[in-house]
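Below is one structure; the comments refer to it alone.
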Amino acid sequence: GWDCHGLPIEHKVVTEQKLVGADPAVIRTKCEEVARHFIERQKEQFQRLGVFGDWDHPYLTMSPAYEAAELRVLAQLVEKGMVYEGLRPVHWSTGCRTALAEAEVEYAEREDESVYVRLELKDAKDEDLLVWTTTPWTLPANLAVAVHPGMVYALTDSGDGRKVWLAKSRIEFVGKAAGKELKILKENKGTDLENRIYRHPLVQKEGMVRCAEFVTADSGTGLVHIAPGHGHEDYVLGRKCGLEPFSPVNEAGKLTEECEVPELVGKNVFAANPEVAELLEKKGRLWAREKIRHSYPHCPRSKTPIVFRSVRQWFIRMDQLRDKALEAVGQVKWVPGWGESRIRGALGTRP
């Protein structure tokens, strides 16, 4: 049978037939025509290859009977309380104005602005937390800073009258990035920094230092800027700490008034990166900035870079289904045998 729905067909129809802004009913009709055309072409190719199948009675996801069956299953899930509306960050295509599954995303090299930012500690006027990010546009949505509970952090003096906290193992690298020689004044574990309050670098807000096991010292400063509305790990930590997935970005990938930074409102997030750096510099919060080339997720259809933003969507609770699926796995004879462990692993780790 054939899967006849989805963004790929819609994108092909809208772009090739120049239907941008057309009535949805017209677009749907054209999509069905394209789907039926390619079904017949592929069916003929399969038959020429000698593929066996009930070609006169294939399943089509656009057939009324199939769609009715889907609705019945959805109704059962709703009755069982397994369908819920949630606000969480997703891969968002600004080109197609839709969320993408992680499996759909493709990666490509791109150059972006990265910044090292000083966050002033409220209880020590001459001490700053030093964070690094390759997405400066997410800084207006910052709600916390994460440290690893067992990592060693050092308070360092850079000779400019202020002191900065960063992972001890990152001192040499970060010092070179800023062209400064850092002198260690004292050392603490991440747990000693937990719950300290800092001032937001762009707006009149405060945030708190939180401990998180996912923090590493492989890059950056060992302190992680947390925006729960713009990243999966940030979101998970935010839920644990009672932080909302704040996301002041609209479906076009532009910053909204909610960001509370007038200079950035209406700006495309990627175009806003250098402006964020300039604002930080004016406020004395910029430690260093540099261009980096990195692998970044892109939409496979519009080829535009992905924006991580929080949107309201409908989700299915997987825990009950996971248990039933794992039970069914044990009732199947697997050939080859290693297939069972592979499927079990995939089901067990699915979000």
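Throughout the sequence shown, residue numbering follows this note's numbering, covering 145 to 495 in sequence. Don't be surprised by glycine CBs; every beta carbon is placed ideally from N, CA and C.
Counted as a single uninterrupted DSSP element, the alpha helix (DSSP H) harbouring S485 occupies residues 482-493. Here DSSP, grouped into helix, strand and coil, assigns F452 to strand. K187: member of the alpha helix (DSSP H) spanning 168-192, first to last residue.
Pairing R314 with L265 gives a Cβ-Cβ distance that is not under 9 Å. Assignment of Y342 by DSSP, reduced to helix, strand and coil, places it in the strand class. About 5 Å separates the Cβ atoms of E250 and P444, confirming a contact at the 8 Å cut-off.
By the Cβ-count criterion, E325 is exposed, with fewer than 16 other Cβ atoms from all chains shown falling within 10 Å of its own Cβ. Residue environment for M462: exposed (fewer than 16 other C-beta atoms within 10 angstroms of its C-beta). In the three-state DSSP reduction, Y203 falls in the coil class, being neither helix nor strand. Using a Cβ distance threshold of 9 Å, A322 and W146 do not count as a contacting pair.
DSSP, reduced to helix, strand and coil, places L265 within a strand of the structure shown. DSSP places G230 in the uninterrupted beta strand (DSSP E) bounded by 227-237. Of the residues G397, V222, S485, the one whose Cα lies closest to the Cα of V234 is G397. The closest CA to that of M295, considering only K327, I487, L274, D336, is found on D336.
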